[in-house]
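Let me begin by presenting the structure, written as structure tokens, before commenting on it.
Numbering (the working numbering), first residue to last: 1 to 81.
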């Protein structure tokens, strides 16, 4: 995250573990019929029928969806934003 006017930046990473269910061909075909995997990072959308393919998560749910909100807010506050 870069704050141009102060010429400062902060780097951070967020790890979230995602455990997938054991998937049969039938479940995979059903999921692909509901969700277009080609427009998703990792070819799956947790927020769209994720319960079909994901058995559990450990970490930031917003990180799975695309942006780790809590960590991003913390970083923005470092710049008084």
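A virtual CB, placed ideally from N, CA and C, is assigned to each residue, including glycine.
From a predicted model like this one, the values you see are computed outputs, not experimental measurements.
Contacts around residue i, its chain only, beta-carbon distance under 6 Å, and the 5 residues preceding and following it disregarded
i: residue 14; result: 60, 63, 68 and 71
i: residue 3; result: 79
i: residue 56; result: 19
Proximity winner among the options, relative to residue i (alpha-carbon distances)
i: residue 88; options: 38, 66 and 34; result: Past the boundaries of the shown model lies residue 88; the chain is included only from 1 to 81, so the question cannot be answered.
i: residue 17; options: 77, 76, 58 and 81; result: 58
i: residue 54; options: 11, 6, 38 and 23; result: 23
Residues near residue i by beta carbon distance below 8 Å, same chain, minus five either side
i: residue 86; result: Residue 86 cannot be examined here, being either before or after the span of the chain that is shown, 1 to 81.
Contacts around residue i, its chain only, beta-carbon distance under 7 Å, and the 5 residues preceding and following it disregarded
i: residue 74; result: none
Handout entry: Segments assigned alpha helix (DSSP H), at least 4 residues, entirely inside the segment 2-61
Key = Within the segment 2-61, the complete alpha helix (DSSP H) runs of at least 4 residues are 25-34.
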